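Protein chains: 2
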Amino acid sequence: MSRRVHLAALMSACALVSLGAAKAAPPPASQGDLEARLDAQIDPAEMGRWLKQLAYEPNHVGSPHDKANAEWILAQLKSWGWDAHIEEFSVLYPTPISETLELTSGPGAGFKATLQEPPIPGDESSLRAQATALPAYVAYQGDGDVTAPLVYVNYGMPADYDALQRAGISVKGKIVIARYGAGWRGLKPKLAQDHGAAGCIIYSDPHDDGYAVDDVYPKGASRPPHGFQRGSVADMTLYPGDPLTPGIGATKDAKRLTREEAQTILKIPTLPISYADAQVLLQALDGPVAPASFRGSLPITYHLGGDGAQAHIAVKSDWAMKPLYDVIGTLKGREQPDEWIVRGNHHDGWVMGASDPLSGQVALLAEAKALGGLEKAGWRPKRTIVYTSWDGEEPMLLGSTEWAETHAAELKAKALVYINSDGNGRGFFRAEGSHDFQHFVNQVAADVKDPETGVSVGQRARAALAVRAAEPGASEETKALAKAASDPAKDMLIGPLGSGSDYSSFLQHLGLAAIDVGYGGEGESGGVYHSLYDDYEHHSRFVDPGFAYDATLARTVGRMVIRLADADLPVQRYGDFADTVGRYLDEVKKLDTAKREEAVAQAKLLAANAYRLADDPTQAHGLPTAFEASPPLAFGPMEAAVTRLKASATAFDQALAAKGASLGKGQRDQLDAALRPLDQSLLRSEGLPGRPWYMNMIYAPGRFTGYGAKTLPGIREAIEERRFADAAAYVALTAQALNAYSAGLDQAAAIVNGR
Amino acid sequence: MSRRVHLAALMSACALVSLGAAKAAPPPASQGDLEARLDAQIDPAEMGRWLKQLAYEPNHVGSPHDKANAEWILAQLKSWGWDAHIEEFSVLYPTPISETLELTSGPGAGFKATLQEPPIPGDESSLRAQATALPAYVAYQGDGDVTAPLVYVNYGMPADYDALQRAGISVKGKIVIARYGAGWRGLKPKLAQDHGAAGCIIYSDPHDDGYAVDDVYPKGASRPPHGFQRGSVADMTLYPGDPLTPGIGATKDAKRLTREEAQTILKIPTLPISYADAQVLLQALDGPVAPASFRGSLPITYHLGGDGAQAHIAVKSDWAMKPLYDVIGTLKGREQPDEWIVRGNHHDGWVMGASDPLSGQVALLAEAKALGGLEKAGWRPKRTIVYTSWDGEEPMLLGSTEWAETHAAELKAKALVYINSDGNGRGFFRAEGSHDFQHFVNQVAADVKDPETGVSVGQRARAALAVRAAEPGASEETKALAKAASDPAKDMLIGPLGSGSDYSSFLQHLGLAAIDVGYGGEGESGGVYHSLYDDYEHHSRFVDPGFAYDATLARTVGRMVIRLADADLPVQRYGDFADTVGRYLDEVKKLDTAKREEAVAQAKLLAANAYRLADDPTQAHGLPTAFEASPPLAFGPMEAAVTRLKASATAFDQALAAKGASLGKGQRDQLDAALRPLDQSLLRSEGLPGRPWYMNMIYAPGRFTGYGAKTLPGIREAIEERRFADAAAYVALTAQALNAYSAGLDQAAAIVNGR
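Here the protein sequences come in this chain order: A and B.
Residues 1159 to 1913 in this note's numbering are what the first sequence lists, from first letter to last.
Residues 1159 to 1913 in this note's numbering are what the second sequence lists, from first letter to last.
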């Protein structure tokens, strides 16, 4: 599900680690030997064969190959010595019965969108899957049958609606056509619906992943004219998982909402289409010429539309319940069996899903085989290792969410961290996650060899960041990240986690630490994402020839798992988390000032009639909605909480560095038990405003970004959206969460100090 | 010639005026009456008729209609009471004999570029001019006949060659294809030639002025598929005017260089083409996919090319001498006949030139008729007014340059200021010029009514700037300009002059103050610029329906001329100039620091092998050329000169404000005589490095921007290009120029103070 994104977007801004003193001890010699044996067992050619098999047929939820894959994965885990089983859930999962999209008036009237992806010459998989692939469809849209004028809304994000208002265009009662990009897919129909639209079309503009970016498949990796992006449009920003069972596992007998009650199901019919189809619709539009930011790479003049061209959209779905097949395998720990290291990747795709998710899935399998091999050869992890192969990630993180909700209490008691991967490819290491693990991630990245250059994947990532920051036009954020990464003695900053893959429930609902890892950024454009053409042929030609980076992912995560499972002392470095939160606080304080100044400036412009004077009077224009004046926000509780957090984190890190080696087993176990639930203190049972399922006060997917993270979300989003009462309330709640975290750290420090 | 550019680019950054005390006195009541009578005589309908006639046939240099227009303009001036004549020059002006552009290998081999613009249905002018319009041609390219592989070089600017080097692509011996934009046209073949290319093609990508921007003509204003941009590619950055007579007038008996000696004539064959033709060439290219910054709006994957597709380009020109017809008219001053206010606009176009230049030409004519009318009614200006209608601006400012060079001594002795206009259109007031006239420009803009909104054109320009600065993603420069303009009691900052229209010789070679004025920014995209379609039909439909803004230009410049001709006291405010130079000094100091840091950062990246590690090893790559380390530049002499300038300017402005009203006629004449040559003290006879014709140490067209201005150019460009010895030398020379200016101001202040 998670769209492979380049390093730039992923190593997002966090504070520089300055606490040089608290380095964790290097792994013992036997650890190095163990990791060499791990590496030796990972075989890219075998991974390629697995990939070919898993991606042989469409494997979306409810398909025969989805179930067959789960059963095959189960059999492999068992054969490698894992204690494994399939855990089933029953979820509401719609599939299309009928779909129509046609132009009913305007130029091109009578045109019918194809809504099917034709086979590509030389690509056998695309031919084989013709009968079984899902057509153009987005899950959890609202069935309906609407004929209405078309309006082009660019990316369909809030700023685009502001621009439409200035252009005097309303979408009320109309069908919007939005292009993919700039924000999560599901926000497009959601925002359209909120603005009164009656239907929504989403298309892939060639500017964003088509011919503008690279040659189109099969000549190159980019999206061919008739390719389209399927996906979920359930309102993830409220909660992920089965729409009928928010907060609880979708077990057989779970108490369910009705479909009508489920707030994450949208109300308007929505279809994704190709740019070949979209060009006909967009060419039919009249009305004002679209502003510069709305223009894609089709060879047309983009217009906003309004009244001329009418379209007819009709979608009817089968809203039956479907089974999910999560595969769960365990290697039991020899010393601390009740402390779990959880690792996951999903196995369902939108069609054949070779890159997304199976490239990550075969890495997980390679790790599982190697760990099983190590165990067969006599190794046993100190802690328990739990490997999870999720079903139903694509429709809305179904398999991971239902499992996490079902096993919430046990996970909260036992799990130390959840490590996720998803689609993977050739290129550069990237990681995002909980910042107490930032140093650990850097240590692992320093010890994994990049297959193309021979240096460590960490060193290569630093080099790429440095070169990008030196390019003309580099953003201030990139420059700041590169500056932080330029000292090899210090850590690269990792970005925060939003959503878009299976870590969400663990991090944002259960409060567990989470890490997401992958490679990418070379040789592919994302142009087959969620299409028929994300298949074995495409992955092995463009995304990861020779499966070298899929194998590197296995070596990376395998190392993480072994180190976490066997560590004598906690690998976390809390100063990193404290510095990061300090940086986030600085950001929201600046944001608050900027928003206040923006309101003042706008009021001045309105009072001076500046918009009317600046507008072309020969065209229709609307005035911007006047901002409410925003009072200064009192950040005192947050400032105090961050000060305390920094002090507590420094004290703990220094104590552990000084005395860790001398702790006895009893103290070490006591310390583990004290630290394990620490990240859960970042939860507040109130949840975030309007979305109680999201309880983490530090990390959340953005209400208006979707996959993109918002940090200190209760405060930050309230400021962004000018909800001033919420902002003040969440300064207090977030500070409380941080204070609880600091108190937990103080207790842990007391254990280390023997008090 | 000058491309109509929107306000954003034109009101470029200068320092905020803070000297509220030195406001010039308001015009006397009779002045207001005079201006009302000026306005009353300006008739948009009549201007439209003139425009239709002047644009009825192609009027490029050497065409019958060019000569006929000059004679008609002369007759008009005479009929309105002006003392007028035609001044002829004889210049080298090439016209095409034969042209070929074809694909000789690769996909599409055999394709021949059309190089002709077809007529547009409903546009009679485009049909009428079919036989007489120049074909696709750029003046002063180097004739030749070359067959070689094609390489796409984006805009063909220095940064693009850096990107090509990183991509491992050389243009040596090849034909480059560049798109219009990002820098002046003539730099593209010049830089190609400097990089060893054998030929150059320039095309208009639809991204920049075609269908991406607006509907194409005739539905909208944008460039249709077969439209192309003619123009000059003489090396303007060395000197403008006739290539054979640098620095002297191209009179009949002038001593001329040979064509071979003339350094402004390029060496490689060059042709401009349409995007319909360009698409076939670009589609034929192989090699690496072009970087994101290279991608236009054609429906193709842009490749860099290299070896696959070959093209054949052949250009043969008639290099005969041609006559220029400058029309010069004079209204003699009654009190100070030897102090001149010079006003000009060219009358030659590339084809019919309705917008460029005739929209400005009819404004000039309307002013001339109105001034003649005022004189007939009894008014006589205190100072002499000289109206000039230039020929040969398009090929390289020929008419204005040769006239200015011929009359250099008289102009230096008598001219106070040169006021220019060129193509004009509907929208927003803009002005650039010598900053001692910034306050004067603002006063005039405050007194001219905008035809669409009814407020003053100054107020509307401020509103547009304020709204643009409030838009998401507004540049820091726009925000700073808007902030300065937000106080209605203070002046809007005007930008500096580079080149691209007839002010260049006056400002940059003779050292006269100059102002360039126009309207634009609404309703048109620049898409017919220098094409067959810049005709009466297009101008009157899209660029200025009803000729309302052409008339407003006449009211604006007419007011300027009257006020300057009649002013009792100098209108200049020298504190504005001093503040502006102070701001420029701050900019070059920052630039120096940035360039030094850039070299240090690059050395670090090279030493760490970061480029190789960041590059995709499956593709060819080159390393960037290592920067020379730059020593810190000593700005002491400039800092002292700016401090002195600010003090002298403040002292003069305050003295004039306090005592101006009490000066007697003798003192006023003495003061005028002292101030008239003041701007000439900014010249240094050394000229700028490598281009001695440009002698102004404050304002110049950029060596690598062309039309775009570089301020403090001797220092700024030396830093940009890492010529460290030049930078140090021009700190001294520029400071000397400023010190001479300050000394002149001190003398003028002594006159005011009666010492």
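Just so you know, even glycine gets a beta-carbon here, dropped at the ideal spot from N, CA and C.
Predicted, not measured: the structure shown is a model, and the values here were computed from it.
#### Entry: Residues near B/PHE1832 by beta carbon distance below 8 angstroms, same chain, minus five either side
The count along the second sequence starts at 1 and reaches residue 1832 of chain B at position 674. With the sequence shown as reference, residue 1832 of chain B is identified as Ala, and Phe is not the correct amino acid for it. Answer for B/ALA1832: GLY1902, GLN1905, ALA1906, ILE1909, listed in chain order.
### A/ASN1503 classed as buried or exposed, judged by whether at least 16 other C-beta atoms fall within 10 angstroms
Taking the first sequence and counting its residues from 1, one reaches residue 1503 of chain A at position 345. Of the other Cβ atoms in all chains shown, 16 or more fall within 10 Å of the Cβ of A/ASN1503; this residue is therefore buried.
### Message
Below 8 angstroms on the Cβ atoms is my contact criterion, and I expect A/ILE1431 with A/PHE1386 to pass it. Report the Cβ-Cβ distance as a whole number of Å.
### Response
Taking the first sequence and counting its residues from 1, the one referred to as residue 1431 of chain A is at position 273. Taking the first sequence and counting its residues from 1, the one referred to as residue 1386 of chain A is at position 228. Confirmed, about 6 angstroms.
### Query
With 8 angstroms set as the bound, which would you pick, yes or no: does the beta-carbon of B/ALA1179 sit closer than that to a beta-carbon of chain A?
Numbered from 1 along the second sequence, position 21 holds the residue referred to as residue 1179 of chain B. Here B/ALA1179 scores only 33 on pLDDT, less than 50, and its place in the model is too uncertain to base an answer on.
### Task
In the DSSP assignment, find the unbroken alpha helix (DSSP H) run with A/HIS1223 in it and report its ends.
Translated into positions along the first sequence, residue 1223 of chain A becomes position 65. Under the DSSP assignment, A/HIS1223 falls in the alpha helix (DSSP H) whose first and last residues are 1222 to 1237.
### Query
Looking only at C-alpha atoms, which of B/LYS1236, B/ALA1350, B/PRO1216 sits nearest to B/SER1284?
Stepping through the second sequence from its first residue, residue 1284 of chain B is reached at position 126. For the residues B/LYS1236, B/ALA1350, B/PRO1216, the minimum Cα distance to B/SER1284 belongs to B/PRO1216.
#### Entry: Contact set between B/GLY1681 and chain A, taken where Cβ atoms lie within less than 8 angstroms
To locate residue 1681 of chain B, count along the second sequence from 1; it is residue 523. Within 8 angstroms Cβ-Cβ: ASP1774, THR1776.
### Task
Specify, as a first and last residue, the run of the beta strand (DSSP E) that B/LYS1641 falls within.
Taking the second sequence and counting its residues from 1, the one referred to as residue 1641 of chain B is at position 483. First-last for B/LYS1641: 1634 to 1643, but that is the alpha helix (DSSP H), not the beta strand (DSSP E).
### Message
Please tell me whether A/GLU1635 has its Cβ less than 8 angstroms away from any Cβ of chain B.
### Response
Locating residue 1635 of chain A in the first sequence gives position 477, counting from the first residue. Closer than 8 angstroms: no.
### Task
Could you work out which residue in B/HIS1696, B/ALA1723, B/ALA1267 is closest to B/ASP1830 when comparing CA atoms only?
Position 672 of the second sequence, counted from the first residue, corresponds to residue 1830 of chain B. Relative to B/ASP1830, the option among B/HIS1696, B/ALA1723, B/ALA1267 whose CA is nearest is B/ALA1723.
### Task
Determine which residues of the region 1458 to 1471 of chain B have a Cβ less than 9 angstroms from any Cβ of chain A, and write them out in chain order.
Taken in chain order, the members of the region 1458 to 1471 of chain B whose beta-carbon sits within less than 9 angstroms of a beta-carbon on chain A are ILE1458, THR1459, TYR1460, HIS1461.
### Message
Would A/VAL1500 and A/VAL1544 be called neighbours here (beta carbons separated by less than 8 angstroms)?
### Response
Your numbering for residue 1500 of chain A matches position 342 in the first sequence. Your numbering for residue 1544 of chain A matches position 386 in the first sequence. Less than 8 angstroms separates the beta-carbon of A/VAL1500 from that of A/VAL1544.
### Task
With 7 angstroms as the limit, tell me which residues of the region 1319 to 1337 of chain A have their beta carbon closer than that to any beta carbon of chain B; keep them in chain order.
Residues: none.
### Task
Inspect the beta-carbon positions of A/CYS1358 and A/ILE1333 and report whether they are closer than 8 angstroms.
Along the first sequence, read from residue 1 onward, the residue named residue 1358 of chain A stands at position 200. Along the first sequence, read from residue 1 onward, the residue named residue 1333 of chain A stands at position 175. Their beta carbons are under 8 angstroms apart, which means A/CYS1358 touches A/ILE1333 by this criterion.
### Message
Does A/ALA1442 come out as helix, strand or coil in the three-state DSSP assignment?
### Response
Residue numbering aside, residue 1442 of chain A sits at position 284 when the first sequence is read from its first letter. Note: A/ALA1442 maps to coil in three-state DSSP.
### Task
Return the Cβ separation of A/ASP1366 and A/TYR1338 in integer angstroms, given the expectation that the two are a contact with Cβ distance under 8 angstroms.
Taking the first residue of the first sequence as 1, we reach residue 1366 of chain A at position 208. Taking the first residue of the first sequence as 1, we reach residue 1338 of chain A at position 180. Contact flag correct, Cβ pair sits at about 6 angstroms.
### Task
For A/GLU1419, count neighbouring Cβ atoms within 10 angstroms of its own Cβ and tell me buried if that reaches 16, exposed if not.
For the purposes of this step, residue 1419 of chain A is identified with residue 261 of the first sequence, where counting begins at 1. Exposed, because fewer than 16 other Cβ atoms sit within 10 Å of the Cβ of A/GLU1419.
### Message
Would the region 1556 to 1566 of chain B count as touching the region 1526 to 1540 of chain B if we require 3 or more Cβ pairs under 8 angstroms?
### Response
At 8 angstroms Cβ cutoff, the stretches do not touch.
### Query
Taking Cβ positions, are B/SER1513 and B/ASP1660 nearer each other than 8 angstroms?
As a first step, residue 1513 of chain B must be located in the second sequence, where it is residue number 355. As a first step, residue 1660 of chain B must be located in the second sequence, where it is residue number 502. Cβ atoms of B/SER1513 and B/ASP1660: not closer than 8 angstroms.
### Task
Closer than 7 angstroms by beta-carbon distance: list the chain A residues that pair up with B/GLU1610, in chain order.
In the second sequence, residue 1610 of chain B corresponds to position 452, counting from 1. Correct list: PRO1775.
### Query
In the DSSP assignment, what residue or residues form a beta bridge with A/TYR1298?
For this step, residue 1298 of chain A is matched to residue 140 along the first sequence. Paired residues: none, contrary to the question.
### Task
With A/PRO1795 as the anchor, note down where its alpha helix (DSSP H) starts and where it stops.
For the purposes of this step, residue 1795 of chain A is taken as the residue at position 637 of the first sequence. Boundaries of the alpha helix (DSSP H) harbouring A/PRO1795: 1794 to 1817, taken from the DSSP string.
### Message
If the criterion is Cβ atoms closer than 8 angstroms, does the pair B/ALA1736 and B/ASN1897 meet it?
### Response
In the second sequence, residue 1736 of chain B corresponds to position 578, counting from 1. In the second sequence, residue 1897 of chain B corresponds to position 739, counting from 1. Result no, Cβ atoms of B/ALA1736 and B/ASN1897 do not sit closer than 8 angstroms.
#### Entry: Coil, strand or helix - B/HIS1696 by DSSP
As a working note, residue 1696 of chain B is residue 538 in the second sequence. The answer is helix: DSSP assigns B/HIS1696 an H, G or I state.
### Query
By the criterion of Cβ-Cβ separation under 9 angstroms, what are the contact partners of B/PHE1372 in chain A?
Stepping through the second sequence from its first residue, residue 1372 of chain B is reached at position 214. Phe is not the amino acid found at residue 1372 of chain B; the sequence shown has Asp there. For B/ASP1372, the chain A residues whose Cβ falls inside 9 angstroms of its Cβ are VAL1447, THR1459, in order along the chain.
### Task
Would you please verify whether the beta carbon of A/LEU1651 is less than 8 angstroms from any beta carbon of chain B?
Position 493 of the first sequence holds residue 1651 of chain A. Not an interface residue.
### Query
According to DSSP, which residues form a beta bridge with A/GLU1308?
Residue 1308 of chain A sits at position 150 when you count from the first residue of the first sequence. Here residue 1308 of chain A turns out to be Leu, not Glu, going by the sequence shown. A/LEU1308 is bridged to A/ILE1333.
### Task
Flag B/GLN1617 as yes if its beta-carbon sits less than 8 angstroms from any beta-carbon of chain A, otherwise no.
Numbered from 1 along the second sequence, position 459 holds the residue referred to as residue 1617 of chain B. Any Cβ of chain A closer than 8 angstroms to the Cβ of B/GLN1617 would place that residue at the interface, and such an atom is present.
### Query
Roughly how many whole angstroms lie between the Cα atoms of B/LEU1177 and B/LEU1891?
Working through the second sequence from its first residue, we reach residue 1177 of chain B at position 19. Working through the second sequence from its first residue, we reach residue 1891 of chain B at position 733. No answer about B/LEU1177 holds up, because its pLDDT of 32 lies below 50 and its placement is not dependable.
#### Entry: Coarse secondary structure for A/LEU1482, derived from DSSP in three states
Locating residue 1482 of chain A in the first sequence gives position 324, counting from the first residue. If DSSP states are grouped into helix, strand and coil, A/LEU1482 belongs with the strands.
### Proximity to A/ASN1767 [Cα-Cα], best of B/ALA1619, B/LEU1196, B/LYS1210
Taking the first sequence and counting its residues from 1, the one referred to as residue 1767 of chain A is at position 609. Nearest C-alpha to A/ASN1767: B/ALA1619.
### Task
Report the rounded CA-to-CA distance for B/ASP1734 versus B/THR1808, giving the unit in angstroms.
On the second sequence, residue 1734 of chain B is found 576 positions in, with the first residue counted as 1. On the second sequence, residue 1808 of chain B is found 650 positions in, with the first residue counted as 1. In this model, B/ASP1734 and B/THR1808 are separated by some 9 angstroms (Cα to Cα).
#### Entry: Nearest candidate by alpha-carbon position, reference A/SER1806, set A/PHE1700, A/ASN1600, A/ALA1289, A/ARG1731
In the first sequence, residue 1806 of chain A corresponds to position 648, counting from 1. Measuring C-alpha to C-alpha distances from A/SER1806 to each of A/PHE1700, A/ASN1600, A/ALA1289, A/ARG1731 identifies A/ARG1731 as the nearest.
### Query
Do B/PHE1595 and B/ILE1673 have their C-beta atoms closer together than 8 angstroms?
Stepping through the second sequence from its first residue, residue 1595 of chain B is reached at position 437. Stepping through the second sequence from its first residue, residue 1673 of chain B is reached at position 515. Result yes, Cβ atoms of B/PHE1595 and B/ILE1673 sit closer than 8 angstroms.
### Message
Taking 7 angstroms as the cut-off, is the beta-carbon of B/SER1188 closer than that to any non-hydrogen atom of the ligand PLP?
### Response
Here there are no bound small molecules, and the ligand PLP is not part of this structure.
### Query
On the premise that B/VAL1309 lies in contact with B/VAL1329, defined as a C-beta separation below 8 angstroms, what is that separation, rounded to the nearest angstrom?
Sequence index remark: in the second sequence, residue 1329 of chain B carries index 171 (1-based). Sequence index remark: in the second sequence, residue 1309 of chain B carries index 151 (1-based). Between B/VAL1309 and B/VAL1329 the Cβ distance is about 5 angstroms, and since that is below 8 angstroms, they are a contact.
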